[in-house]
Amino acid sequence: MNLATLEPHPGCVPYEMNVPFWSDDALKSRWMCLPNDGSHNSAAEQIGYSEEGDWTFPVGTVMVKHFELLLDKSDPASSRRLETRFIVHGTDGYYGVTYRWNAEGTDATLLTTARRRTLLFSPPKAR
11 MNLATLEPHP GCVPYEMNVP FWSDDALKSR WMCLPNDGSH NSAAEQIGYS
61 EEGDWTFPVG TVMVKHFELL LDKSDPASSR RLETRFIVHG TDGYYGVTYR
111 WNAEGTDATL LTTARRRTLL FSPPKAR
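With positions in the sequence shown counted from 1, the corresponding number in the numbering used here is that position plus 10.
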C-alpha cells in the first residue's frame with residue numbers, strides 16, 4: 011500500500027458494507043486482498059460464497075479497514091488518519107493487527123497495547 015495516497019496493491023479490491031457499523035463519525039475505507047498467481051484460476055485463490063451461510067476465504071486473504079476523522083466536518087482537508095486494521099487468514103486461522111498513524115499521517119506503528127489520543131474538533135459553523 012502506498013502510505014502517502016493509501017492506494018492499495020493492485021490485487022486488493024475496495025468494498026463497502028451493506029449496513030455500515032457505527033464508528034462515531036469515522037470515515038472508513040475497506041479492501042479485500044486475495045492471494046493469487048495472476049490468473050485467479052484455482053480454489054486456493056477464490057472465495058467460497060454462500061447466500062445464507064458463512065463465506066470461506068483462501069489462506070493468505072487479508073482484509074483491511076482504515077479509519078480517519080474530520081476534525082472540522084465542513085472541511086475535507088481536516089481529515090486525520092487514526093488507524094488501519096488488518097485481518098489475516100493464516101495457516102492456523104485468522105489473526106488481526108492494528109496500526110496507529112502518527113500525528114502527521116505519514117507512518118503507522120503496530121499497536122501492542124491499548125492507546126488513547128485526544129483530538130480537538132472545530133464546532134459546526136453557523137448557517
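Glycine included, each C-beta is placed from N, C-alpha and C at the ideal position.
A check of alpha carbon separations from R110 across R126, G70 and G21 identifies R126 as the nearest. One Cα belongs to A118, the other to I57, and the distance between them is close to 30 Å. Two segments are said to touch when three or more pairs of C-beta atoms, one from each, lie closer than 8 Å; by this definition the segment 20-33 does not touch the segment 87-99.
Judged by their CB atoms, P24 and W41 are nearer to each other than the 7 Å cut-off. Take the alpha-carbon of Y105 and the one of V98: they are about 5 Å apart.
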